[in-house]
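Structure record follows, encoded as structure tokens.
Residue numbers (our numbering): 99 to 487.
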């Protein structure tokens, strides 16, 4: 005997949920909108597999995803497989292998589910997450960075996401600065954490001769033009200066492509950017704490330059109204098939009458009651479509 409560068939593992209408409809239609915008800019859709061998998926830049990956053994090969926690490393692999001979610039888009061991942020509870995004592989230029972000901004505008903010950073800048200044390797992790917390007192204590520069970098954050003006007046060694100039050039290219886009810059933000090599961006809706998406510059599997942007549909679509359901029309048993087909082509949903209950439950009154029960607004009887009161 056991004291365990009876198992409920509705019980799911922590972090996994059933997505019902209208949420499922909003996600499906929203993803279709995103992919449509991506395709209109030449980003061809690909579909990587949900699982790959551990040795493949977690190689190179994918190694940073090891602690977020569910593993299972392949019963055929006895090799470990991984449920993908992120699609970007798969695109990097495809670009270096299956698409290695494709013309560059290579533009690809994708949408699909991922599974993570733990949610990425405290406000998130899901372990199964959706991703939809684009990758631009080949060119390494401010214009390429700006294209990816501009296409993403257009997709959000098409969805009707209000008051979007693109927050840019340059994760390699501070490590390059600390290296060029010969900051002790034992001090760097502590100093990086202080910068991440925006703890000016700790930065002043740990930074030594670099303290004034690091505190100036902390203060050079905010609206893009204001932050870049402050950044331009900070004395930086050559490598760090090159990174700051690339950040400024990307902002200029993005302003040219999308003058009205809300842009901010934080030159010392690096949290979560584990394999990125250049300008990165986090996308927010003003007034909301959740990230709508993020992306940036990295190296593909064969060290080819690449830049991408990934949206989180499960977060993104909470910022817009639910997708409207199709108007439902009940088809009486004598409904004209051609008229019904025309109504579907016009965007309506038709629900055909199906036999149920005793034979005497038929006729106009029964059809009306069934139509109302099923949420229909009209009844099609013969070739006549009648609105229900």
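Built from N, CA and C at the ideal position, the CB exists for glycine as well.
Predicted model only: the values in this text are computed from it and were never measured.
Quick check on the burial criterion: 16 or more other C-beta atoms within 10 angstroms. Buried or exposed for residue 436?
The residue is exposed, with fewer than 16 neighbouring Cβ atoms inside 10 Å.
Does DSSP classify residue 381 as helix, strand or coil?
Here residue 381 sits in strand by DSSP.
Note down, in chain order, each residue of its chain lying with its Cβ closer than 7 Å to the Cβ of residue 380, except the 5 sequence neighbours on either side.
Excluding sequence neighbours, residue 380 sits near 265, 389 and 392.
Per DSSP, residue 460 is paired with what?
Looking at the DSSP assignment, residue 460 forms no beta bridge with any residue, so it has no partner.
Would you call the segment 190-210 and the segment 131-150 in contact, with 3 or more CB pairs under 8 Å?
Yes, the segment 190-210 is in contact with the segment 131-150.
Check residue 375 in the structure and name its three-state DSSP category.
Residue 375 falls in the strand class under three-state DSSP.
Could you give the C-beta distance for residue 240 and residue 348, rounded to a whole number, given that I count them as a contact under 8 Å?
Contact holds; Cβ gap of about 4 Å.
For the alpha helix (DSSP H) containing residue 349, name the first residue and the last one.
It spans 336-355 - the alpha helix (DSSP H) in which residue 349 sits, taken as one unbroken run.
What's the gap between the Cα of residue 413 and the Cα of residue 298?
Going by the C-alpha atoms only, they are around 33 Å apart.
What residues are listed by DSSP as bridge partners for residue 235?
204 and 404, per the DSSP bridge assignment.
In its own chain, which residues sit with a C-beta less than 7 Å from the C-beta of residue 221, not counting the 5 before and 5 after it?
Residue confidence is low: residue 221 scores 45 on pLDDT, short of 50, so the model does not pin down where it sits. Its coordinate-derived value is still stated next. Around residue 221: 387 and 388.
May I ask you to list the residues that DSSP assigns as paired with residue 449?
DSSP, once it has assigned bridges, lists 428 as partnering residue 449.
Going by the DSSP bridge assignment, what does residue 474 pair with across the sheet?
Beta-bridge pairing links residue 474 to no other residue.
Please state whether DSSP places residue 221 in a helix, a strand or coil.
In this prediction, residue 221 scores a pLDDT of 45, lower than 50, which makes its location untrustworthy; no coordinate-derived value is stated.
Taking the DSSP output, what are the residues bridged to residue 227?
Residue 227 is bridged to 212.
Between the segment 395-405 and the segment 427-445, do at least 3 Cβ pairs fall closer than 8 Å?
These segments do not touch.
Return helix, strand or coil for residue 243, following the three-state DSSP convention.
It is helical.
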